[in-house]
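J.: For the protein sequence lines, the chains are A and B, in the order given.
The letter at position 505 of the first sequence is residue 505 when you use our numbering, and the numbering goes up by one with no holes.
The letter at position 290 of the second sequence is residue 1290 when you use our numbering, and the numbering goes up by one with no holes.
Heads up, the beta-carbon is just placed ideally off N, CA and C, and yes, glycines get one too.
My questions will all concern the structure given below.
There are 2 protein chains.
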Amino acid sequence: MFSTNFTRLLVPLLCISALAQAQQKKILGFNDSSSVHQQNLENLFDKQLDRVHIGETIKALSANPHHIGSANGAAVAQEILKRFQSYGWDAKIETYQVLFPTPKERVLELTGPTTYKALLKEPALKEDATSGQSGQLPTYNAWSADGDVEGALVYVNFGLPEDYEYLARTGVDVKGKIVIAKYGRSWRGSKPKVAQEHGAIGCIIYSDPKEDGYYAGDVYPTGAFKNEFGVQRGSVMDIVIHPGDPLTPNIGATAQAQRLERSQAINLLKIPVLPISYHDAAPLLKALDGPVAPDEWKGALPFTYHIGGGKAKVHLKLSFNWDIKPCHNVIATLKGSEAPDQWVIRGNHHDAWVNGAADPISGLAALLEEAKAIGALYKQGFKPRRTLVYCAWDGEEPGLLGSTEWAEDHAAELREKAVVYINSDNNGRGFFNASGSHALETLVNEVAKEIIDPQTKVNLLARKQASDILKASTVKQKKDRAARLNMNIGAMGSGSDYSSFLQHLGIPSLDLGFGGEDSGGEYHSIYDSYDDYSRFKDPGFYYGVSLAQAAGHTVLRVANSEVVPFDFRRLYETVNGYTTELIDLASTMRESTILENQLINDRIYQLATDTAKHLLPPKQKLAVPYLDFSALQNALTVFDTVTATLSLQKDVNQSVYQAEQQLLNEKGLPGRSWYQHTLYAPGFYTGYGVKTIPGVREAIEQRRWAEAQEQIAIVSASINKLSNYLQKLKAH
Amino acid sequence: MFSTNFTRLLVPLLCISALAQAQQKKILGFNDSSSVHQQNLENLFDKQLDRVHIGETIKALSANPHHIGSANGAAVAQEILKRFQSYGWDAKIETYQVLFPTPKERVLELTGPTTYKALLKEPALKEDATSGQSGQLPTYNAWSADGDVEGALVYVNFGLPEDYEYLARTGVDVKGKIVIAKYGRSWRGSKPKVAQEHGAIGCIIYSDPKEDGYYAGDVYPTGAFKNEFGVQRGSVMDIVIHPGDPLTPNIGATAQAQRLERSQAINLLKIPVLPISYHDAAPLLKALDGPVAPDEWKGALPFTYHIGGGKAKVHLKLSFNWDIKPCHNVIATLKGSEAPDQWVIRGNHHDAWVNGAADPISGLAALLEEAKAIGALYKQGFKPRRTLVYCAWDGEEPGLLGSTEWAEDHAAELREKAVVYINSDNNGRGFFNASGSHALETLVNEVAKEIIDPQTKVNLLARKQASDILKASTVKQKKDRAARLNMNIGAMGSGSDYSSFLQHLGIPSLDLGFGGEDSGGEYHSIYDSYDDYSRFKDPGFYYGVSLAQAAGHTVLRVANSEVVPFDFRRLYETVNGYTTELIDLASTMRESTILENQLINDRIYQLATDTAKHLLPPKQKLAVPYLDFSALQNALTVFDTVTATLSLQKDVNQSVYQAEQQLLNEKGLPGRSWYQHTLYAPGFYTGYGVKTIPGVREAIEQRRWAEAQEQIAIVSASINKLSNYLQKLKAH
């Protein structure tokens, strides 16, 4: 907690009634009186937050294109370093040497039956001051393979595995062909990966105006949505195998590190892939013949969507500079007064695809505002009980490079010292979102309940609750949600810098942000600019303050708590829910497989389907066996008992924050050993999207029954390990 | 049944095994031996059906535009007369004198902020031989009011009552403005009616490519779907008040009939309304400003849909020739050998909006093929037991004019003699559809089970079952449907010539047809041509034969049955299902109203909705009281008992077919006395779409609780009346 000095300073500032009010609330991890002090500290912290300053930070740090490896990127790191230092923090830059490909040549053309040469260029707009700057990375997908291919074009919808199942029913094969998939539903990197698995020789990804364009709303610069020329850049590294530098898995990419050959890297594609605008996609899609796409595949371009595979041909030629680039992480610390070896880590990346006003600067500006506020309090005498480590990561965009290399490099120290990792990334107007380790769910709720939404003047939980109620589809679901103020936090997949901390090292992590009223099409385009941000994402920068409050209060509570604020009861309840889902999943799949096979046997598909469409029936699937879930159920029974009566004491702090590490399995997930957490992982085919209890869930979904049974044993063992660990803390 | 003579003729034609096979099946209304004879007759009937001839009929009768009142229309009636006579039927034309408006002037222009003058014209296509003919009715909605209006334009989605509820939340009012609604979801006539109720001064209806254009598939003439210039003509008479000549409700529009003034007609609009193509709609919609339309409102045009109500203004000027025109029904009879005063009536209209190859000639061609086949059998000695009355109606398109005037004119005779009315209309490739009186459901199933689908070679029920199984959304629903071969027939709303027979006179009715693989955009346009039909609707005319089989077998079974083939048990089960629905509906509305009012009270809408959208919360609604359904439940208990043991005898035939008349309430439905059936009516706001137990259902839906209670008493009384009536037949 803060020092005696500071307490003395603080109390006179508060009026009696405020103090009385604050005293009514006991915070997790604090006693009655330290709760009051903590809340007073948070009030003072809030007073330091300045939305105008946040806006200025966003403007300054997004003033130029600043991707990893660029001079502007290095300058942004220096500027951040300078700011931390000016706030009174102990800051430094830790640089790694990472592979980062940039385009050398990009050609996409329709070669038959008509011709079209893709522009592959977003035009500057007079309404967007930075859109015409030099130094912009061209539109591309980082980690595409080099390639020069020509072939028939096939439209594969979102490029999901089930889209290829449908494709097989139409008789169209992608082998030796080039596919065009639209952004959405799955992470972009899954699209070329699945295409490659099916034998495609190239992949084009485009933004359909249905998901990302005029269908959603007025387009930029009139409105926020993607105009016809906008392109979503982005990484297609197979981060579900592992993120970070492909040449240095599991170790820090220091200058001296032993590196793989690029051909040995296990998370790189073998086919070329290129993202394009809907302006460039339209002539390609319009040229397709073959079957008419089913309704669920149709987008918002003004013609009939066909699947192709016939006469329409494209030529795709891509080559890249495969350079090693410096990756500058800025690390700032404020030493803890009582437990300097317990680290509360907070991070947000600083590199952008182009200017990145929203992604990542909006989140980074909040982080810097927190650092500024804490620095100011520090100057007034506040000392955090634990050490604060504030990080601005480089190279997140190509594949979480900076955070992963740092985490791998400092793995041993982090396992020992890291209490929690709190991430943010792009931020905007709207509702509070939180995901992460469920042992932190109570903490998040307590924090959110005391922060006021700037637009509606109710607390964050009440606004979230209102949104959830209206989204619920049945009266019962609405009533259930209305009956509780608390929110559930989501589980984390991938797509931002928490991944190494949580999924590789087992450090309890959170990802915080606001959004839902900030929709637009600027993501990873040249239009993710200050002009766009200040008009459409968070006008007035009110939610920059909200994020600084939410993350700052969370940091300060963990930092100052007497007993680190973990609630394993919420973890039990969440995992119990996942288990019920898995049992239901297996059972539903069993029932539907039996039925489906019967329908196929009975020729129901042939009888029901328009014969003129020549659609083949689906293939029969092997029956779903009964799985033995008893090990998991028994593990949960023990975990239930242990967590029902768990009361944590001050002297077990380190053991408490290391508890989540018990959930790691050192062999990792099947086929991807880097991912060691048995509860949370990005989905093998969803990419960013999480799979909970991933070993079991993915084995069931992908119908690998023996593996599912093995994974049940593994996750049961990890839960038992955690139960035993916590049981010892009780006995302590 | 057929005469002794004919039986003797027939038997030698059949081989022993076919006879043995046929003997296994006992048909409803026949005994064991007469079942065999009937099936043999049906086999002979089928042999007379010729798909090539059906195609020739379609080509001949759709060779020219032939709307009601046109010289070509009169010629088509004459041609049909001649054909019936050539088939050996006693045929005549019965002509009524009906009001029928045609356009004098049509102007639609965008007058601000930009300008556009609508084409209001479908171009001729070289791929469509009849598309450039003279004599085409221009694109218009019959029964639009004359009007010359200018005002701000408002987009109202489908123009449903709930769309106006949403509109109110945006703060946009249509009072004094012109609305543009898209085709779909509700019957076209409901759109201007609801607009008028909300104070709009004009209404434009357009075909959005989402529902009716390139979104669905390739457009005409490449594919079957609506091209940018296609327009759906159609009537906007308020047929849910009453169909038929607006000047002669309840009576036949004979030359001498006493007529209302047009201003006295209760089913005519007071505002002008015009249908347009998506080519003409696009500039209008694009000019709209105001709020962005919600997702459910968005169509497939390539821009952002806005609601308008601001600067975009249109001028709509329409005037019409309000002429009295002759309406030529062709009525052909084949006298019954044993019960000539029991009429089995079969009908299909002959008038079209333009050429009408699909609508109505495809159905009419099947009807004529039936007449030809029956005529041929007649010449070989077959005499139907009951009289067959085959009708080709005129003036269906503007508002069921021909059939309604005929039914009203012959009401007394029909109440006495009409056993059943069997309707068809446009027909196409695909699945068998049947709707109508549920006492006929068993008959329909027995017929459908013995007809083989021309594409899949299974019987019609098996194909329908396959389709229903795949459409079912849950495993349980799929299994349930797979467990029974029989199909449920639908309930009838309006939109074709059965309406007067069933809903005004209580004559048991059916509507039969095929479709589902014949989708396209030709409906009520100049492209509903032979060229279109033979390419896209029923290539080879196989389903013309199927319809002739389904309707023909049904006619012949009712005509020849010893006891008319009614099954009131199916009626009981159906009505019992409707009652459960109504009780659930009231209960669901009660629960959701309580919840919704609470959410509004708690400001949940304000908290959950993007404040930048300025969307008002919904208005609170009065609580839903508990209704007393006991009268209906008790009536069903009695109906259950009566129908559980009902066994009909030959000597009660007339009483059996008149049973459905017991379900009429002579006061009619609230506000629309013409509709007397207490179980089936077109919905007041759905138009063609049916409402079952309409008095009760619509009172609940529209929250008129006292009326709902009154209507429960009325429908209960009508069910009791039917139970008593059937009870007497049992006692008989």
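1. Terminal residues of the continuous alpha helix (DSSP H) containing W705 of chain A?
2. Nearest CA to the CA of I266 of chain A: which residue from A:Q256, A:I276, A:N250, A:P275?
3. Which residues in chain A sit within 7 Å of P1463 of chain B, going by Cβ to Cβ distance?
4. Which whole runs of the beta strand (DSSP E) in the stretch 54 to 135 of chain A are 3 residues long or more, in chain order?
5. By a C-beta neighbour count over all protein chains shown, 10 Å radius and 16 as the cutoff for buried, is W1143 of chain B buried or exposed?
6. How about the stretch 433 to 445 of chain A and the stretch 508 to 527 of chain A: do they share at least three Cβ pairs that are nearer than 8 Å?
7. Bridge partners of H328 of chain A, per DSSP?
8. What does DSSP give as the partner residue(s) for I1469 of chain B in the beta ladder?
9. Less than 8 Å between CB atoms is the rule here; does T1611 of chain B satisfy it with respect to chain A?
10. Quick one: which chain A residues come within Cβ less than 7 Å of V1475 of chain B?
11. In three-state terms, what does DSSP make of D1341 of chain B?
12. Does DSSP put L1334 of chain B in a helix, a strand or coil?
13. Relative to the C-alpha of A1257 of chain B, which candidate in B:V1314, B:W1343, B:W1406 has its C-alpha closest?
14. Go ahead and pull the three-state DSSP assignment for H306 of chain A.
15. Does DSSP classify Y390 of chain A as helix, strand or coil?
16. If you run the structure through DSSP and keep just helix, strand and coil, what is V1194 of chain B?
17. Let me know if T1580 of chain B comes out buried or exposed under the rule of 16 or more other beta-carbons within 10 Å of its beta-carbon.
18. Can you tell me where the beta strand (DSSP E) with E1150 of chain B in it begins and where it stops?
19. Given a threshold of 16 other Cβ atoms within 10 Å of its Cβ, counted over all protein chains shown, does T206 of chain A qualify as buried or as exposed?
20. With DSSP as the reference, identify every bridge partner of N1348 of chain B, one or two as the case may be.
21. Could you give the C-beta distance for Y1685 of chain B and S1190 of chain B, rounded to a whole number, given that I count them as a contact under 8 Å?
22. Does the CB of Y469 of chain A have a neighbour CB from chain B at under 8 Å?
23. Given A1124 of chain B, which residues of its chain have a CB within under 6 Å of its CB, disregarding the five upstream and five downstream residues?
24. Using DSSP with H/G/I as helix, E/B as strand and the rest coil, what is T686 of chain A?
25. Candidates B:K1104, B:A1091, B:G1199: which alpha carbon is nearest A992 of chain B's?
26. Does at least one heavy atom of the ligand NAD sit under 7 Å from the Cβ of S1494 of chain B?
27. By a C-beta neighbour count over all protein chains shown, 10 Å radius and 16 as the cutoff for buried, is S263 of chain A buried or exposed?
28. If you draw a straight line from the alpha carbon of I80 of chain A to that of H553 of chain A, how long is it in whole angstroms?
29. Name the residues in the stretch 1217 to 1231 of chain B whose C-beta lies less than 8 Å from a C-beta of chain A; which are they?
30. Within 8 Å (strictly less), CB to CB, does A1300 of chain B reach chain A?
31. Could you check which residue in B:L1153, B:A1253, B:Y1378, B:D1295 has the C-alpha nearest to that of Y215 of chain A?
32. Can you give me the Cβ contacts of K728 of chain A inside the same chain, cut-off strictly under 7 Å, excluding the 5 residues immediately before and after it?
33. Report the rounded CA-to-CA distance for T1442 of chain B versus T574 of chain A, giving the unit in angstroms.
34. Within the same chain, show all residues whose beta-carbon is closer than 8 Å to that of A1060 of chain B, passing over the 5 residues directly before and after it, in chain order.
35. Are the C-beta of F303 of chain A and some C-beta of chain B separated by less than 8 Å?
36. Rounded to a whole number of angstroms, what is the C-alpha to C-alpha distance between K1730 of chain B and N1724 of chain B?
T.: Answer, in terms of the structure:
1. Locating residue 705 of chain A in the first sequence gives position 705, where the first residue counts as 1. Residues 705 to 731.
2. Start at 1 with the first residue of the first sequence, and residue 266 of chain A comes out as number 266. For I266 of chain A, the closest alpha carbon among the candidates A:Q256, A:I276, A:N250, A:P275 is that of A:N250.
3. Here residue 1463 of chain B corresponds to residue number 463 of the second sequence, with the count starting at 1. It is Arg, not Pro, that sits at residue 1463 of chain B in the sequence shown. Under the 7 Å cutoff, chain A gives L607.
4. For the stretch 54 to 135 of chain A, the full-length beta strand (DSSP E) segments reaching 3 residues or more read 90 to 112 along the chain.
5. As a first step, residue 1143 of chain B is located in the second sequence; it is residue number 143 there, counting from the start. Classification of W1143 of chain B: buried, given that the 10 Å Cβ count is 16 or more.
6. yes
7. By one-based count along the first sequence, residue 328 of chain A stands at place 328. DSSP lists A:T95 as partners of H328 of chain A.
8. Position 469 of the second sequence, counted from the start, is the residue given in the question as residue 1469 of chain B. I1469 of chain B is not bridged to any residue.
9. Here the question's residue 1611 of chain B lines up with position 611 in the second sequence. Chain A contact via Cβ: present.
10. On the second sequence, position 475 is the one that residue 1475 of chain B refers to. Those within 7 Å of V1475 of chain B in chain A are E591, S592, L595.
11. Taking the second sequence and counting its residues from 1, the one referred to as residue 1341 of chain B is at position 341. In this structure, D1341 of chain B counts as strand in the three-state DSSP scheme.
12. Working through the second sequence from its first residue, we reach residue 1334 of chain B at position 334. Secondary structure of L1334 of chain B (DSSP, three-state): strand.
13. Numbered from 1 along the second sequence, position 257 holds the residue referred to as residue 1257 of chain B. It is B:W1406.
14. Within the first sequence, residue 306 of chain A is the residue found at index 306, counting from 1. DSSP places H306 of chain A in strand when its eight states are reduced to three.
15. Indexing the first sequence from 1 puts residue 390 of chain A at position 390. Y390 of chain A: strand per DSSP, three-state reduction.
16. As a first step, residue 1194 of chain B must be located in the second sequence, where it is residue number 194. Here V1194 of chain B sits in helix by DSSP.
17. One-based indexing of the second sequence puts residue 1580 of chain B at position 580. Exposed.
18. For this step, residue 1150 of chain B is matched to residue 150 along the second sequence. Per DSSP, E1150 of chain B belongs to the beta strand (DSSP E) from 1147 to 1155.
19. Mapped onto the first sequence, residue 206 of chain A falls at position 206. Just to set this straight, residue 206 of chain A is Tyr in the shown sequence, not Thr. The residue is buried, with at least 16 neighbouring Cβ atoms inside 10 Å.
20. As a working note, residue 1348 of chain B is residue 348 in the second sequence. For N1348 of chain B, which the question treats as bridged, DSSP gives the partners B:A1392.
21. Position 685 of the second sequence, counted from the first residue, corresponds to residue 1685 of chain B. Position 190 of the second sequence, counted from the first residue, corresponds to residue 1190 of chain B. At roughly 5 Å, the Cβ-Cβ gap stays under 8 Å, so Y1685 of chain B and S1190 of chain B are in contact.
22. In the first sequence, the residue the question calls residue 469 of chain A occupies position 469. In the sequence on display, residue 469 of chain A carries Ile and not Tyr. So yes, I469 of chain A belongs to the interface.
23. Taking the first residue of the second sequence as position 1, residue 1124 of chain B is located at position 124. Cβ neighbours of A1124 of chain B beyond the five flanking positions: S1131, G1132.
24. Translated into the one-based positions of the first sequence, residue 686 of chain A becomes position 686. Coil, per DSSP.
25. This structure cannot speak to residue 992 of chain B, because chain B is shown only from 1001 to 1732.
26. By its list of ligands, the structure shown contains no ligand whatsoever, and the ligand NAD lies outside what it can speak to.
27. Sequence index remark: in the first sequence, residue 263 of chain A carries index 263 (1-based). With fewer than 16 Cβ atoms within 10 Å of its Cβ, S263 of chain A is classed as exposed.
28. Position 80 of the first sequence, counted from the first residue, corresponds to residue 80 of chain A. Position 553 of the first sequence, counted from the first residue, corresponds to residue 553 of chain A. The alpha-carbon atoms of I80 of chain A and H553 of chain A are separated by roughly 22 Å.
29. G1217, D1218, V1219, G1223, F1225
30. Start at 1 with the first residue of the second sequence, and residue 1300 of chain B comes out as number 300. A1300 of chain B counts as touching chain A.
31. What you label residue 215 of chain A is simply residue 215 of the first sequence in a count that begins at 1. Nearest option by C-alpha distance: B:D1295.
32. As a working mapping, residue 728 of chain A is identified with position 728 in the first sequence. Taking K728 of chain A as the centre and dropping the five residues before and after it, the same chain places no C-beta closer than 7 Å to its C-beta.
33. As a position in the second sequence, residue 1442 of chain B is number 442, starting the count at 1. As a position in the first sequence, residue 574 of chain A is number 574, starting the count at 1. Distance between the alpha carbons of T1442 of chain B and T574 of chain A: 53 Å.
34. Working through the second sequence from its first residue, we reach residue 1060 of chain B at position 60. These residues qualify, in order along the chain: E1079.
35. Working through the first sequence from its first residue, we reach residue 303 of chain A at position 303. At least one chain B Cβ lies under 8 Å of F303 of chain A.
36. Start at 1 with the first residue of the second sequence, and residue 1730 of chain B comes out as number 730. Start at 1 with the first residue of the second sequence, and residue 1724 of chain B comes out as number 724. Going from the Cα of K1730 of chain B to the Cα of N1724 of chain B covers about 10 Å.
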